[in-house]
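Colleague:
There are 2 protein chains.
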Amino acid sequence: MQSTITPWEVKGDIDYDKLLREFGISPLKDLPKVFTDDLLFRRKIVFAHRDIQKILDAKKNSKPFVMMTGLMPTGKFHIGHMLIARQMIFYQQLGAKLYIAVADIEAFLARNQPLEQSYQNAVEDYITNYIALGLKPDNCEIYFQSKRSSDAKKANAYYRLQNILAKHATFNEFKAVYGDISPAKMVASLLQAADMLHPQLAECEGPIPVVVPVGIDQDPHIRLARDISQRIKLPMPPFIQLSSTYNAFMPGLSGGKMSSSDPNSFIALTDTKADVEKKIRKYAFSGGQPTLEEHRRKGGDPDIDVCFQYLKFFFEPDDKKLEKLSKDYKSGKLLTGELKEYTIKKITEFLEEHQKRREKAGSFISKYIR
Amino acid sequence: MQSTITPWEVKGDIDYDKLLREFGISPLKDLPKVFTDDLLFRRKIVFAHRDIQKILDAKKNSKPFVMMTGLMPTGKFHIGHMLIARQMIFYQQLGAKLYIAVADIEAFLARNQPLEQSYQNAVEDYITNYIALGLKPDNCEIYFQSKRSSDAKKANAYYRLQNILAKHATFNEFKAVYGDISPAKMVASLLQAADMLHPQLAECEGPIPVVVPVGIDQDPHIRLARDISQRIKLPMPPFIQLSSTYNAFMPGLSGGKMSSSDPNSFIALTDTKADVEKKIRKYAFSGGQPTLEEHRRKGGDPDIDVCFQYLKFFFEPDDKKLEKLSKDYKSGKLLTGELKEYTIKKITEFLEEHQKRREKAGSFISKYIR
Chain A
18 MQSTITPWEV
28 KGDIDYDKLL
38 REFGISPLKD
48 LPKVFTDDLL
58 FRRKIVFAHR
68 DIQKILDAKK
78 NSKPFVMMTG
88 LMPTGKFHIG
98 HMLIARQMIF
108 YQQLGAKLYI
118 AVADIEAFLA
128 RNQPLEQSYQ
138 NAVEDYITNY
148 IALGLKPDNC
158 EIYFQSKRSS
168 DAKKANAYYR
178 LQNILAKHAT
188 FNEFKAVYGD
198 ISPAKMVASL
208 LQAADMLHPQ
218 LAECEGPIPV
228 VVPVGIDQDP
238 HIRLARDISQ
248 RIKLPMPPFI
258 QLSSTYNAFM
268 PGLSGGKMSS
278 SDPNSFIALT
288 DTKADVEKKI
298 RKYAFSGGQP
308 TLEEHRRKGG
318 DPDIDVCFQY
328 LKFFFEPDDK
338 KLEKLSKDYK
348 SGKLLTGELK
358 EYTIKKITEF
368 LEEHQKRREK
378 AGSFISKYIR
Chain B
18 MQSTITPWEV
28 KGDIDYDKLL
38 REFGISPLKD
48 LPKVFTDDLL
58 FRRKIVFAHR
68 DIQKILDAKK
78 NSKPFVMMTG
88 LMPTGKFHIG
98 HMLIARQMIF
108 YQQLGAKLYI
118 AVADIEAFLA
128 RNQPLEQSYQ
138 NAVEDYITNY
148 IALGLKPDNC
158 EIYFQSKRSS
168 DAKKANAYYR
178 LQNILAKHAT
188 FNEFKAVYGD
198 ISPAKMVASL
208 LQAADMLHPQ
218 LAECEGPIPV
228 VVPVGIDQDP
238 HIRLARDISQ
248 RIKLPMPPFI
258 QLSSTYNAFM
268 PGLSGGKMSS
278 SDPNSFIALT
288 DTKADVEKKI
298 RKYAFSGGQP
308 TLEEHRRKGG
318 DPDIDVCFQY
328 LKFFFEPDDK
338 KLEKLSKDYK
348 SGKLLTGELK
358 EYTIKKITEF
368 LEEHQKRREK
378 AGSFISKYIR
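Going line by line, the protein sequences match chains A and B. Under the working numbering, the first residue of the first sequence is numbered 18, with each subsequent residue one higher. Under the working numbering, the first residue of the second sequence is numbered 18, with each subsequent residue one higher.
1) How would you call residue 314 of chain A, buried or exposed, if buried means at least 16 neighbouring beta carbons within 10 angstroms?
2) Any C-beta of chain B sitting closer than 8 Å to the C-beta of residue 204 of chain A?
3) Leaving out five residues on either side along the sequence, give the residues of the same chain with a beta carbon under 8 Å from the beta carbon of residue 270 of chain B.
4) For the structure I just gave you, are there three or more beta carbon pairs, one from the stretch 208 to 220 of chain B and one from the stretch 232 to 244 of chain B, closer than 8 Å?
5) Distance check for residue 117 of chain B and residue 160 of chain B, CA to CA, integer angstroms please.
6) Looking at C-alpha atoms only, which residue of A:74, A:53, A:259 and A:35 is the closest neighbour of residue 86 of chain A?
7) Counting only the same chain and skipping the five closest in sequence on each side, list residues whose C-beta sits under 6 Å from that of residue 151 of chain A.
8) Looking at the secondary structure, which residues open and close the beta strand (DSSP E) in which residue 117 of chain A lies?
9) Pick out whichever of B:185, B:64, B:198 and B:214 has its Cα sitting closest to the Cα of residue 2 of chain A.
10) Answer with yes or no whether the minimum CB distance from residue 142 of chain A to chain B is below 8 Å.
11) Can you grab the Cα-Cα spacing for the pair residue 310 of chain B / residue 263 of chain B, in whole Å?
12) Which word fits residue 49 of chain A, buried or exposed, when buried means at least 16 other C-beta atoms lie within 10 angstroms of its C-beta?
13) In chain order, which alpha helix (DSSP H) runs of at least 4 residues are fully inside the stretch 325 to 376 of chain A?
14) For the ligand FAD, is there any heavy atom lying closer than 7 Å to the beta carbon of residue 176 of chain B?
15) Mapping the DSSP letters down to three states, classify residue 386 of chain A as helix, strand or coil.
16) Between which two residues does the alpha helix (DSSP H) containing residue 294 of chain B stretch?
17) For a quick check, are the C-beta atoms of residue 76 of chain B and residue 222 of chain B less than 8 Å apart?
18) Express the C-alpha separation of residue 52 of chain B and residue 99 of chain B in angstroms, rounding to a whole number.
19) For my contact list, residue 204 of chain B and residue 183 of chain A are in at a C-beta cut-off of 8 Å; report their separation, rounded to the angstrom.
20) Could you tell me whether any Cβ in chain B is nearer than 8 Å to the Cβ of residue 136 of chain A?
21) Any idea if residue 220 of chain B is buried or exposed, counting beta-carbon neighbours within 10 angstroms, 16 or more meaning buried?
22) Could you list which residues in chain A have their beta carbon closer than 7 Å to that of residue 177 of chain B, in chain order?
23) Starting from the beta carbon of residue 168 of chain A, find every residue of chain B whose beta carbon is closer than 9 Å, and list them in chain order.
24) If I follow the unbroken beta strand (DSSP E) through residue 85 of chain B, where does it start and stop?
25) Can you give the Cα-Cα distance for residue 70 of chain B and residue 135 of chain A, rounded to whole angstroms?
26) When DSSP builds the beta bridges, which residues end up paired with residue 67 of chain A?
27) For the stretch 187 to 201 of chain B, which residues have a CB atom closer than 9 Å to at least one CB atom of chain A, in sequence order?
28) At least one CB of chain A closer than 8 Å to the CB of residue 118 of chain B: is that the case?
29) Could you have a look at residue 310 of chain B and say whether DSSP puts it in helix, strand or coil?
30) Going by Cα to Cα distance, which pick from A:133, A:141 and A:154 is closest to residue 162 of chain A?
31) For residue 153 of chain B and residue 227 of chain B, what's the separation of their Cα atoms in angstroms?
32) Distance cutoff 8 Å, beta carbons only. Does residue 125 of chain B sit that close to anything in chain A?
33) Does DSSP put residue 277 of chain B in a helix, in a strand, or in coil?
34) Can you find a CB in chain A that lies within less than 8 Å of the CB of residue 386 of chain B?
35) Between residue 157 of chain B and residue 385 of chain B, which are expected to be in contact by the criterion C-beta below 8 Å, what is the C-beta distance as a whole number of angstroms?
36) Cβ of residue 363 of chain A within 8 Å of Cβ of residue 333 of chain A?
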């Protein structure tokens with residue numbers, strides 16, 4: 018099947034090697050221990066980059082750097098969203114300053130969601146979950162695209178940059194990157210480029226290395242921001258070229274894309290134990306064989322098994338245990354039903370603790386939204 | 018000759034009646050005395066409108082209203098710019114709150130002028146001249162597109178509106194209005210629409226009648242802002258439809274367009290007496306006859322005579338004197354050279370007084386830029 022990857026759709030099977038070649042990005046390798054201590058890097062869930070050396074150098078030399086990311090406050094916060102959330106927390110612990118954009122203008126322009134609803138979703142679901150996952154308020158600036166800052170200088174500078182960027186992009190460039198384009202999408206793209214670049218403005222940090230961790234499908238946004246940024250001569254000092262990292266797609270329950278609009282494709286962080294049991298038992302795509310006899314004989318395929326992937330992405334932090342699960346599954350010793358029940362146990366244990374932390378998180382929101 | 022009127026060019030002869038028919042705007046008539054007391058309205062230099070009744074009603078009922086306009090801070094401030102400046106002061110005296118946008122983003126996007134240079138031109142030339150012409154600091158908000166406000170709420174709201182407007186316009190609409198279109202022009206247009214509409218946001222005045230006085234060539238901007246504004250359902254209360262007035266073009270010295278890029282096409286408000294004498298004697302297009310004998314016999318045509326037009330627009334406020342000049346010129350009694358010398362006298366008298374006021378104006382700038 019032909020695969021299609023744009024920021025607007027992911028279709029078909031994903032050939033990661035081909036993506037790397039086509040997009041001109043590099044595999045992540047020879048990372049220092051502070052990175053590989055984190056399972057996302059160690060297990061190559063975050064697997065590729067552009068210009069990561071700038072960030073490694075900053076860390077090595079104890080120089081400041083920024084991690085910039087965004088959230089689209091549509092739909093429920095689910096385990097797929099934890100990929101970026103975990104990276105936020107990783108970089109924060111590494112010493113980065115975080116810039117986190119709530120893409121409420123993009124949600125309005127591209128998905129017709131009113132700003133009020135985006136505000137509510139972002140605060141009550143996304144940011145509350147970030148806090149429960151371990152995000153700290155220090156060195157962390159969460160803002161809404163529709164109201165950048167209560168600091169007027171910063172607000173003016175951010176939107177000024179969006180306007181200035183328009184001079185450095187052509188319609189053909191937007192079309193080449195995004196396919197179909199409308200004034201709304203174009204303006205949203207310019208604002209997203211401003212999101213990535215504005216931490217380097219004088220009103221923010223000044224020129225500084227910035228890493229933007231994304232799914233590989235978001236690379237067109239990165240390319241556009243990188244390209245435009247290097248054309249700007251005036252009225253600011255040159256931008257340091259953006260760094261980016263790329264994470265694999267976390268599969269949806271049935272093995273396709275995890276979609277906020279299909280509750281049976283994901284596990285939400287507000288799901289109950291009963292939800293998890295039902296979803297995993299009923300919907301989780303299995304890499305096992307059709308019959309018990311066949312499974313015992315041929316074994317299962319963990320690479321396409323959704324439960325195994327979920328354990329690998331998040332829920333089995335112990336490498337040895339994960340390795341044993343993989344081995345036993347491949348040999349046919351571990352059955353699909355057993356793997357599903359183990360996954361249910363790990364996810365519900367996680368959710369039980371998480372939901373307790375989530376209860377307390379709400380009262381800290383005001384430390385994050387300033 | 019075919020005439021072409023877009024915001025980017027004015028070519029050929031202007032058939033005002035045709036413009037009115039094509040653009041669907043109405044002649045200004047039956048104005049109250051407070052308007053016709055001003056020569057720009059009395060002499061039909063401001064000659065047409067859309068929805069002016071909203072402004073007349075506000076004035077009649079002592080309700081608040083806004084006059085919004087902008088300045089493009091490229092080139093020298095010349096007598097052509099006085100047309101809008103005079104209207105600013107007229108509306109301010111009438112009781113309007115003024116919103117005056119320095120279009121520095123547009124100057125950058127459309128004309129490649131750095132923001133710093135726009136700031137300098139705006140402050141040292143345009144705004145200084147406004148003050149010398151009589152603009153008062155009260156009830157007057159002058160702002161730069163690149164830094165809307167030192168009030169963060171207002172700044173965020175203004176740029177939020179620009180972004181939201183993108184959802185309510187199509188590429189075809191921009192093309193229909195502007196002809197050729199680029200991301201830069203499109204973004205500048207959206208910002209200009211935000212300029213016209215944002216006085217009605219909750220963070221500014223709330224819904225309020227707003228009049229935008231423009232040259233007829235600027236009507237495409239007005240149409241776009243009016244059209245888009247009526248499609249916005251969320252996230253703000255409906256906008257009151259914009260009112261607009263249209264003024265005639267003030268001819269350049271040689272009879273064509275007055276162009277900031279051609280110093281011999283205009284008289285700057287910083288010109289010396291010698292400059293004025295030279296420019297009027299050498300360049301001012303005359304409606305007189307080629308020879309003295311022929312002029313005495315056939316008479317001149319004040320309607321195409323640049324000096325007569327300048328007197329009519331600004332420099333001869335006495336209607337009876339203007340009428341006599343017209344009559345004497347048509348009859349051949351008044352010669353071209355005599356009309357030119359009279360115009361030089363009136364302009365230099367004006368400039369002498371103006372330049373004295375201009376000297377003092379600089380020290381008041383900080384009251385206008387807040």
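Just so you know, even glycine gets a beta-carbon here, dropped at the ideal spot from N, CA and C. Please read these numbers as outputs of a predicted model, since none were measured by experiment.
Modeller: For this structure:
1) Taking the first sequence and counting its residues from 1, the one referred to as residue 314 of chain A is at position 297. Using a 10 angstroms sphere on the CB of residue 314 of chain A, the tally of other CB atoms stays under 16, which defines it as exposed.
2) Locating residue 204 of chain A in the first sequence gives position 187, counting from the first residue. Taking Cβ atoms only, chain B reaches closer than 8 Å to residue 204 of chain A, which makes this a yes.
3) Taking the second sequence and counting its residues from 1, one reaches residue 270 of chain B at position 253. Excluding residues within five positions, the ones whose Cβ falls inside 8 Å are 281, 282, 283, 284, 296, 297, 300, 301, 302 and 323.
4) Contact holds: three or more Cβ-Cβ distances are below 8 Å.
5) Your numbering for residue 160 of chain B matches position 143 in the second sequence. Your numbering for residue 117 of chain B matches position 100 in the second sequence. When only Cα atoms are considered, residue 160 of chain B and residue 117 of chain B end up about 6 Å apart.
6) Here residue 86 of chain A refers to the residue found at position 69 when the first sequence is read from its first residue. Nearest Cα to residue 86 of chain A within the set A:74, A:53, A:259 and A:35: A:259.
7) Start at 1 with the first residue of the first sequence, and residue 151 of chain A comes out as number 134. Beyond the five residues adjoining it in sequence on each side, residue 151 of chain A comes within less than 6 Å, by CB distance, of 106 in the same chain, given in chain order.
8) Counting from 1 along the first sequence, the entry for residue 117 of chain A is found at position 100. Residue 117 of chain A -> beta strand (DSSP E) spans 114 to 119.
9) Because chain A in this structure spans residues 18 to 387, residue 2 of chain A falls outside the shown range and cannot be described.
10) As a working mapping, residue 142 of chain A is identified with position 125 in the first sequence. Residue-level contact check: residue 142 of chain A does not touch chain B, since none of the beta carbons of chain B fall below 8 Å from its beta carbon.
11) By 1-based counting over the second sequence, the position of residue 310 of chain B is 293. By 1-based counting over the second sequence, the position of residue 263 of chain B is 246. Straight across, the Cα-Cα distance linking residue 310 of chain B with residue 263 of chain B is about 40 Å.
12) By 1-based counting over the first sequence, the position of residue 49 of chain A is 32. Label assigned to residue 49 of chain A: exposed.
13) Segments of the alpha helix (DSSP H) lying fully in the stretch 325 to 376 of chain A: 336 to 348.
14) Among the components modelled here there is no ligand, and therefore nothing to report on the ligand FAD.
15) Taking the first sequence and counting its residues from 1, one reaches residue 386 of chain A at position 369. Three-state result, residue 386 of chain A: strand.
16) Taking the second sequence and counting its residues from 1, the one referred to as residue 294 of chain B is at position 277. Unbroken alpha helix (DSSP H) run through residue 294 of chain B: 290 to 300.
17) The sequence position of residue 76 of chain B within the second sequence is 59, counting from 1. The sequence position of residue 222 of chain B within the second sequence is 205, counting from 1. No.
18) The residue you call residue 99 of chain B lines up with position 82 of the second sequence. The residue you call residue 52 of chain B lines up with position 35 of the second sequence. In a straight line, the C-alpha of residue 99 of chain B is about 17 Å away from that of residue 52 of chain B.
19) For the purposes of this step, residue 204 of chain B is taken as the residue at position 187 of the second sequence. For the purposes of this step, residue 183 of chain A is taken as the residue at position 166 of the first sequence. About 4 Å separates the CB atoms of residue 204 of chain B and residue 183 of chain A; that is less than 8 Å, so the two are in contact.
20) Position 119 of the first sequence holds residue 136 of chain A. By this cut-off, residue 136 of chain A is not an interface position.
21) Residue numbering aside, residue 220 of chain B sits at position 203 when the second sequence is read from its first letter. Buried.
22) By 1-based counting over the second sequence, the position of residue 177 of chain B is 160. 163 and 164, listed in chain order.
23) Working through the first sequence from its first residue, we reach residue 168 of chain A at position 151. In chain order: 169.
24) As a first step, residue 85 of chain B must be located in the second sequence, where it is residue number 68. Residue 85 of chain B -> beta strand (DSSP E) spans 83 to 88.
25) As a first step, residue 70 of chain B must be located in the second sequence, where it is residue number 53. As a first step, residue 135 of chain A must be located in the first sequence, where it is residue number 118. Straight across, the Cα-Cα distance linking residue 70 of chain B with residue 135 of chain A is about 39 Å.
26) In the first sequence, counting from the first residue as 1, residue 67 of chain A sits at position 50. A:261.
27) Listed in sequence order: 187, 188, 190, 191, 198, 199, 200 and 201.
28) Translated into positions along the second sequence, residue 118 of chain B becomes position 101. Chain A has no Cβ within less than 8 Å of the Cβ of residue 118 of chain B.
29) Walking along the second sequence from the start, residue 310 of chain B turns up at place 293. Taken through DSSP and simplified to helix, strand or coil, residue 310 of chain B comes out as helix.
30) By one-based count along the first sequence, residue 162 of chain A stands at place 145. Nearest option by C-alpha distance: A:133.
31) For this step, residue 153 of chain B is matched to residue 136 along the second sequence. For this step, residue 227 of chain B is matched to residue 210 along the second sequence. If you take the alpha carbons of residue 153 of chain B and residue 227 of chain B, they lie about 19 Å apart.
32) Residue mapping note: residue 125 of chain B aligns to position 108 of the second sequence, counting from 1. Yes, contact with chain A.
33) Start at 1 with the first residue of the second sequence, and residue 277 of chain B comes out as number 260. Of the three classes helix, strand and coil, the one that applies to residue 277 of chain B here is coil, per DSSP.
34) Your numbering for residue 386 of chain B matches position 369 in the second sequence. Chain A, which has no Cβ nearer than 8 Å to the Cβ of residue 386 of chain B, makes this no.
35) Reading the second sequence from its first residue, position 140 is the one you call residue 157 of chain B. Reading the second sequence from its first residue, position 368 is the one you call residue 385 of chain B. In this structure residue 157 of chain B touches residue 385 of chain B by the C-beta definition: roughly 7 Å separates them, less than 8 Å.
36) Here residue 363 of chain A refers to the residue found at position 346 when the first sequence is read from its first residue. Here residue 333 of chain A refers to the residue found at position 316 when the first sequence is read from its first residue. Closer than 8 Å, so yes.
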